[in-house]
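Novice: Those sequence lines, one after another, are chains A and B. This note's numbering numbers the first residue of the first sequence as 1 and each following residue consecutively. This note's numbering numbers the first residue of the second sequence as 511 and each following residue consecutively. Idealized CB from N, CA, C, for every residue including glycine. The structure displayed is predicted, hence computed values, not measured ones. Take a look at this one; I'll ask things after.
Number of protein chains: 2
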Amino acid sequence: MTEFRSVTAETGLPEGEAFAVHGPADVAAACAAAEAAFDIYRATDRESRAAFLERIAEEIEATGDELIVAAMRESGLPRARLEGERGRTVGQLRLFGAVVRAGHWQGLRIDPALPDRQPLPRPDLRLRMVPLGPVAVFGASNFPLAFSTAGGDTASALAAGCPVVVKGHPAHPQTGALVAAAIGRAVRACGLPEGTFSHLVGPGNELGAALVQDPRIAAVGFTGSRAGGLALVKLAQAREVPIPVYAEMSSINPVLLLPEALKARGEALGAAFVGSLTMGAGQFCTNPGLVLAIEGEGLDAFTAAAASGIAAAEAQTMLTTGICAAYGKGTEALRNAAAVETLARGKDGNGSTRGQAALFQTSAAAFLADRALGHEVFGAASLIVRCADETELRAVLSTLEGQLTATLHMDDADTALAARLLPLLERKAGRILANGWPTGVEVCHAMVHGGPFPATSDSRTTSVGSLAIDRFLRPVSYQNLAPALLPAELRDEARGDGVPRLVDGTLSIA
Amino acid sequence: MTEFRSVTAETGLPEGEAFAVHGPADVAAACAAAEAAFDIYRATDRESRAAFLERIAEEIEATGDELIVAAMRESGLPRARLEGERGRTVGQLRLFGAVVRAGHWQGLRIDPALPDRQPLPRPDLRLRMVPLGPVAVFGASNFPLAFSTAGGDTASALAAGCPVVVKGHPAHPQTGALVAAAIGRAVRACGLPEGTFSHLVGPGNELGAALVQDPRIAAVGFTGSRAGGLALVKLAQAREVPIPVYAEMSSINPVLLLPEALKARGEALGAAFVGSLTMGAGQFCTNPGLVLAIEGEGLDAFTAAAASGIAAAEAQTMLTTGICAAYGKGTEALRNAAAVETLARGKDGNGSTRGQAALFQTSAAAFLADRALGHEVFGAASLIVRCADETELRAVLSTLEGQLTATLHMDDADTALAARLLPLLERKAGRILANGWPTGVEVCHAMVHGGPFPATSDSRTTSVGSLAIDRFLRPVSYQNLAPALLPAELRDEARGDGVPRLVDGTLSIA
Chain A
1 MTEFRSVTAE TGLPEGEAFA VHGPADVAAA CAAAEAAFDI YRATDRESRA AFLERIAEEI
61 EATGDELIVA AMRESGLPRA RLEGERGRTV GQLRLFGAVV RAGHWQGLRI DPALPDRQPL
121 PRPDLRLRMV PLGPVAVFGA SNFPLAFSTA GGDTASALAA GCPVVVKGHP AHPQTGALVA
181 AAIGRAVRAC GLPEGTFSHL VGPGNELGAA LVQDPRIAAV GFTGSRAGGL ALVKLAQARE
241 VPIPVYAEMS SINPVLLLPE ALKARGEALG AAFVGSLTMG AGQFCTNPGL VLAIEGEGLD
301 AFTAAAASGI AAAEAQTMLT TGICAAYGKG TEALRNAAAV ETLARGKDGN GSTRGQAALF
361 QTSAAAFLAD RALGHEVFGA ASLIVRCADE TELRAVLSTL EGQLTATLHM DDADTALAAR
421 LLPLLERKAG RILANGWPTG VEVCHAMVHG GPFPATSDSR TTSVGSLAID RFLRPVSYQN
481 LAPALLPAEL RDEARGDGVP RLVDGTLSIA
Chain B
511 MTEFRSVTAE TGLPEGEAFA VHGPADVAAA CAAAEAAFDI YRATDRESRA AFLERIAEEI
571 EATGDELIVA AMRESGLPRA RLEGERGRTV GQLRLFGAVV RAGHWQGLRI DPALPDRQPL
631 PRPDLRLRMV PLGPVAVFGA SNFPLAFSTA GGDTASALAA GCPVVVKGHP AHPQTGALVA
691 AAIGRAVRAC GLPEGTFSHL VGPGNELGAA LVQDPRIAAV GFTGSRAGGL ALVKLAQARE
751 VPIPVYAEMS SINPVLLLPE ALKARGEALG AAFVGSLTMG AGQFCTNPGL VLAIEGEGLD
811 AFTAAAASGI AAAEAQTMLT TGICAAYGKG TEALRNAAAV ETLARGKDGN GSTRGQAALF
871 QTSAAAFLAD RALGHEVFGA ASLIVRCADE TELRAVLSTL EGQLTATLHM DDADTALAAR
931 LLPLLERKAG RILANGWPTG VEVCHAMVHG GPFPATSDSR TTSVGSLAID RFLRPVSYQN
991 LAPALLPAEL RDEARGDGVP RLVDGTLSIA
């Protein structure tokens, strides 16, 4: 295959523009260019690098409605959502611009020489974080703007000083090409080497595999399926020089309904839950796919309201026919599981592009007996697990795999129970929230969009928010280097530039 | 085998105390105890945890000369070195006590709610770092105190809030038992659960493998051979839930002799080099195993001085007969390599416990043609690579694997050359030093004892210095949690406790 066409999500047909399929030679060329750009790009000062990120944001905005129309056609997502997502994308780039300027990410540390120390003098030691090298970014299907070509992985890698080679998602090649062109204009406008950013596209897995195996690639960012993420991790570990893979893969995002909250507002919670579950056809990494509740007053009101909301839910166009088929299989498996009751189905889909919402219910005992009930079904499906008491709730929680989020719906009178559950939730999830819904991931400094395996392949990181920059950095220590050789930010005269430094263990900002 | 005896390094004979060989049941019991201790230990406040680390230091000091005598017998290292190493060990524990108190490692971030933000309000988001869980630590043979039972890995994991299960090095079981007993006394004195620290011993690899495979272990710290480290990485990745392994494995620590420095003091550099190379029988991770020099004035003076120093070097007792045998094999391979010239051998060893120092020389072309010449020979052996010019020097550097250190010997007039080489050195090593020797690793805030693969299995980390604590932490974000449920350090009233917080992107210390 030498070219492939952009598919319209609504019809599932290849109705859009044709794109050349990139092959091994394109991967090698992009990686060689990224390698050649690395030393130049990483040497940019903070202001220039921040201005570059902001210029990318401007260029994306300048692409105008053409971008929204392309993304609507390719993803099936509605205009309002995509306009919001564009806002998030450019906001994210600007946030990383501000982060680069602030400079905390450099992790500066200075231990001045102690020439008179006994029995041995201490040398002068200075530390900063340096970028890892060229980064491969795999665009996600479910955020064609905010987690694809110029999404969070790209923004944080560029912020860290790493050139980026994007493997564009084949579900939205036209959207990706428009964004890649915008980034290319920013690269040229800022006088950066061409290899600072490259964009490769093609269906199938060969392209991505070749990219991860290229010896010039130093790290990988990925958002997608568990199978896809694990395959990349395996390739990365089998390299002569293994590299880190930040794969955001799989999460069912347990929502805990605590007794007093259920009692007080079971019905309202049921209605709100449906809103979170069905938004964007349920195609969120943080979709509430599991509800855990202790039997008691309000639970029936919750399930009744949720079931009625689901029954009224319109079928929605899914991102790809493949995702729609997988969703159909996943809901079918739940429907056929002996111990699972189907509480409600949404309006019927068309079988190939529209997903039909689904709500199921089972007992804690049944859930504990069948690990398959805890697998992610990507789309607007959720399973309510009725627990007899706190002990059963805790047993279910304990068997769960790592999660991106865990949600508590609670009243003040539930506080003691919530406090008992918190240590367990902290071990299971990267974000714990109260009285809200896990969909809606704020891009800010205190966000963690990450979590224990298999939510991600590296629980020590986040892929959303400013802390995401840390994934692409490593520390280097400089011992007794003359000022002329020291990186500018580690020289004595740089003190007072507003960047925090840990000097002899004490943090100073001035 | 149910027990094994402590071996005297000097004789290579099992002359010491007998120790029970721990098996799978002991591993399971230690991991269960660590798991049971985790929630209690990680909930300790900073002051209590710091006091615990300091108490361990006191208990080690209280062990007195018995510890030094045991370590001397088991390691063959001299008294002065081991007394210094004990000082380093307790200093390291106290440093981490201070680090725990200062609290930077918690990485506190607060993005307050913006209820009036349009189009959507922002929730309240607060982030802190939490410990990963029980950590397995593999003691190193070459630092029986500072990088073994109560060494840097143990100190940093305990500082992070992780219980530790040590797999003691079988080369110094008596030393390990004395230190483990000291830690046990500190655990009890501080009223901590027994499972906060456990110590397992035994020869062979089964014990360590069982430990890494135990599902309750959340991370691994290791210092040792490349084969050993890679085996643990493989086991950790094959688990149902993969875990991070911080393995410090292999480095030949290139020392670059720049032309002006060579011209000015070739002979003095040669003599000083021998001091660094032969110290501790060359058994340092940062031993200068490779010297890179550009042909020119002073290089012959360097090699002559180095050769004469090596020829005069006494054979030294090595840590184990296995290490001595491997050292013999490694030097033999270099001696037999066609393109390698033997410049000098030290005084003869006894063949089984004492290592004979060795100095070799080859050309850049020969080095580039045979990757085996770049393999680590653990002990007092080094290879000088003569490069015709900067281009050849750069070619040799480029082919090197990742390193813990890279050293520049330079004068002011070498600055331009050094500046050209620095970007390459930054990509190859975790620490770059000028006009010193890589042996001697300062335990401080700005130290990096780490580096690109295969120097370590994770270039993003250091195993020495206060930054080592970050290896055992992961971020958790709390969204809209009521103050009663928030961790104390994230509540509003905790502000002003002197711990830095990133509030809305701005760092505040007050």
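(1) List, from N- to C-terminal side, the beta strand (DSSP E) runs of 3 residues or more that fit wholly inside the stretch 575-637 of chain B.
(2) Residues in the same chain with beta-carbon distance under 8 Å from Pro-121(A), minus the five sequence neighbours each way, listed in chain order, please.
(3) Should Pro-500(A) and His-104(A) be called a contact, given that it needs their Cβ atoms to be closer than 8 Å?
(4) Whole angstroms is fine: what's the gap from Gln-866(B)'s alpha carbon to Tyr-756(B)'s?
(5) Cys-954(B) CB to nearest chain A CB: under 8 Å?
(6) What separation, rounded to the nearest whole angstrom, lies between the Cα atoms of Trp-284(A) and Gly-694(B)?
(7) Answer yes or no: does any C-beta atom of chain B fall closer than 8 Å to that of Asn-480(A)?
(8) Taking the alpha carbon of Ala-560(B) as the reference point, which residue from Phe-707(B), Val-751(B), Cys-700(B) and Asp-575(B) has its own alpha carbon closest?
(9) Quick check on DSSP: helix, strand or coil for Ser-225(A)?
(10) How would you list, in chain order, the residues of chain A whose beta-carbon sits under 8 Å from the beta-carbon of Asn-945(B)?
(11) From Phe-870(B) to Leu-907(B), what distance separates their C-alpha atoms?
(12) Where does Ala-468(A) fall in DSSP's three states?
(13) What residue range is occupied by the uninterrupted beta strand (DSSP E) comprising Val-676(B)?
(14) For Pro-713(B) and Asn-652(B), I'd like the C-alpha separation in whole angstroms.
(15) Is the beta carbon of Gly-884(B) sitting closer than 8 Å to the one on Leu-910(B)?
(16) Got a sec? Which residues, its chain only, sit under 6 Å from Val-610(B) by beta carbon, not counting five neighbours each side?
(17) Might you give, ordered along the chain, the residues of its own chain that have their beta carbon closer than 7 Å to the beta carbon of Glu-576(B), omitting 5 neighbours on each side?
(18) I'd like to know whether the C-beta of Leu-1017(B) is nearer than 8 Å to at least one C-beta of chain A.
(19) Which residues of the stretch 250-271 of chain A have a Cβ closer than 9 Å to any Cβ of chain E? Give them in chain order.
(20) Across which residues does DSSP place Cys-387(A) in a beta bridge pair?
(21) Given Asp-412(A), which residues of its chain have a CB within under 8 Å of its CB, disregarding the five upstream and five downstream residues?
(22) Can you pull out the residues from the stretch 400-420 of chain A whose beta carbon lies closer than 7 Å to at least one beta carbon of chain B?
(23) Judging by CA-CA distance, which residue of Val-201(A), Phe-453(A), Tyr-41(A) and Leu-93(A) is the nearest neighbour of Gly-152(A)?
(24) Going by beta carbon distance, what residues of the same chain come within less than 6 Å of Leu-334(A), once the five residues before and after it are set aside?
(25) Listing by chain order, which chain B residues have their CB less than 8 Å from the CB of Gln-92(A)?
(26) Counting pairs of beta carbons, one from the stretch 738-746 of chain B and one from the stretch 944-958 of chain B, are three or more of them closer than 8 Å?
(27) Compute the distance between the beta-carbons of Val-958(B) and Pro-475(A), then report whether it is under 8 Å.
(28) Assuming the contact rule is C-beta atoms closer than 8 Å, Met-410(A) and Ala-418(A) should be a hit. Round their C-beta distance to whole Å, please.
(29) Check whether the stretch 808-823 of chain B and the stretch 968-982 of chain B touch, using three or more Cβ-Cβ pairs below 8 Å as the test.
(30) Checking contacts by CB at 8 Å: is Ser-651(B) closer than that to chain A?
(31) Given Glu-61(A), which residues of its chain have a CB within under 7 Å of its CB, disregarding the five upstream and five downstream residues?
(32) What would DSSP say about Glu-1032(B), mapped onto helix, strand or coil?
(33) How many whole angstroms separate the CB atoms of Leu-277(A) and Ala-380(A), which I take to be in contact at a CB cut-off of 8 Å?
(34) Can you find at least 3 beta carbon pairs, one from the stretch 576-586 of chain B and one from the stretch 823-834 of chain B, that sit closer than 8 Å?
(35) Who are the Cβ neighbours of Ala-146(A) in its own chain at under 6 Å, not counting the five residues just before and after it?
(36) What residues from chain B crowd round Phe-453(A), counting only those whose CB sits closer than 8 Å?
Specialist: Looking at the coordinates:
(1) 619-621
(2) Numbered from its first residue, the first sequence carries residue 121(A) at position 121. These residues qualify, in order along the chain: Ala-113, Leu-114 and Pro-115.
(3) Numbered from 1 along the first sequence, position 500 holds the residue referred to as residue 500(A). Numbered from 1 along the first sequence, position 104 holds the residue referred to as residue 104(A). Yes; because the gap between Cβ atoms is below 8 Å, this pair is in contact.
(4) Here residue 866(B) corresponds to residue number 356 of the second sequence, with the count starting at 1. Here residue 756(B) corresponds to residue number 246 of the second sequence, with the count starting at 1. Their Cα atoms are separated by approximately 31 Å.
(5) For this step, residue 954(B) is matched to residue 444 along the second sequence. So yes, Cys-954(B) belongs to the interface.
(6) Position 284 of the first sequence, counted from the first residue, corresponds to residue 284(A). Position 184 of the second sequence, counted from the first residue, corresponds to residue 694(B). The amino acid occupying residue 284(A) in the given sequence is Phe; Trp does not appear at that position. The straight-line gap from Cα to Cα measures roughly 48 Å.
(7) Indexing the first sequence from 1 puts residue 480(A) at position 480. It does: the Cβ of Asn-480(A) has a partner Cβ on chain B nearer than 8 Å.
(8) In the second sequence, counting from the first residue as 1, residue 560(B) sits at position 50. Looking at the Cα atoms, Cys-700(B) is the closest of the given residues.
(9) Within the first sequence, residue 225(A) is the residue found at index 225, counting from 1. DSSP places Ser-225(A) in coil when its eight states are reduced to three.
(10) For the purposes of this step, residue 945(B) is taken as the residue at position 435 of the second sequence. Under the 8 Å cutoff, chain A gives Asn-480.
(11) The residue labelled residue 870(B) in the question sits at position 360 within the second sequence. The residue labelled residue 907(B) in the question sits at position 397 within the second sequence. Distance between the alpha carbons of Phe-870(B) and Leu-907(B) is about 18 Å.
(12) For the purposes of this step, residue 468(A) is taken as the residue at position 468 of the first sequence. Helix.
(13) Walking along the second sequence from the start, residue 676(B) turns up at place 166. Note, Val-676(B): beta strand (DSSP E), 674-677.
(14) To locate residue 713(B), count along the second sequence from 1; it is residue 203. To locate residue 652(B), count along the second sequence from 1; it is residue 142. Approximately 16 Å, taken between the alpha carbons.
(15) Here residue 884(B) refers to the residue found at position 374 when the second sequence is read from its first residue. Here residue 910(B) refers to the residue found at position 400 when the second sequence is read from its first residue. Closer than 8 Å, so yes.
(16) Along the second sequence, read from residue 1 onward, the residue named residue 610(B) stands at position 100. These residues qualify, in order along the chain: Arg-556, Arg-559, Ala-560 and Ala-669.
(17) Translated into the one-based positions of the second sequence, residue 576(B) becomes position 66. So the list reads Leu-688, once near-sequence residues are dropped.
(18) Within the second sequence, the letter at position 507 stands for residue 1017(B). Chain A contact via Cβ: present.
(19) Among the protein chains of the structure shown, namely A and B, there is no chain E.
(20) For the purposes of this step, residue 387(A) is taken as residue 387 along the first sequence, with counting starting at 1. According to DSSP, which records beta bridges pairwise, Cys-387(A) is partnered with Ile-294(A).
(21) Counted from its first residue, the first sequence places residue 412(A) at position 412. Cβ neighbours of Asp-412(A) beyond the five flanking positions: Glu-260.
(22) Thr-415, Ala-418 and Ala-419
(23) By one-based count along the first sequence, residue 152(A) stands at place 152. Comparing Cα-Cα distances from Gly-152(A) to each of Val-201(A), Phe-453(A), Tyr-41(A) and Leu-93(A), the minimum goes to Leu-93(A).
(24) Walking along the first sequence from the start, residue 334(A) turns up at place 334. Correct list, in chain order: Val-340 and Phe-360.
(25) In the first sequence, the residue the question calls residue 92(A) occupies position 92. The contacting residues do not exist; Gln-92(A) stays about 14 Å from chain B at best.
(26) no
(27) As a working note, residue 958(B) is residue 448 in the second sequence. As a working note, residue 475(A) is residue 475 in the first sequence. A contact, by the Cβ cut-off of 8 Å.
(28) Residue mapping note: residue 410(A) aligns to position 410 of the first sequence, counting from 1. Residue mapping note: residue 418(A) aligns to position 418 of the first sequence, counting from 1. That belief holds up - the Cβ atoms of Met-410(A) and Ala-418(A) are roughly 5 Å apart, short of 8 Å.
(29) no
(30) As a working mapping, residue 651(B) is identified with position 141 in the second sequence. With 8 Å as the cut-off, Ser-651(B) does not count as an interface residue toward chain A.
(31) Numbered from its first residue, the first sequence carries residue 61(A) at position 61. Val-90.
(32) With chain B covering only 511 through 1020, there is no way to say anything about residue 1032(B).
(33) Here residue 277(A) is taken as the residue at index 277 of the first sequence, counted from 1. Here residue 380(A) is taken as the residue at index 380 of the first sequence, counted from 1. Yes, they are in contact, since the Cβ atoms of Leu-277(A) and Ala-380(A) sit about 5 Å apart, within 8 Å.
(34) yes
(35) Position 146 of the first sequence, counted from the start, is the residue given in the question as residue 146(A). Glu-85, Arg-88 and Thr-89, listed in sequence order.
(36) As a first step, residue 453(A) is located in the first sequence; it is residue number 453 there, counting from the start. Within chain B, the residues near Phe-453(A) are Val-751 and Pro-752.
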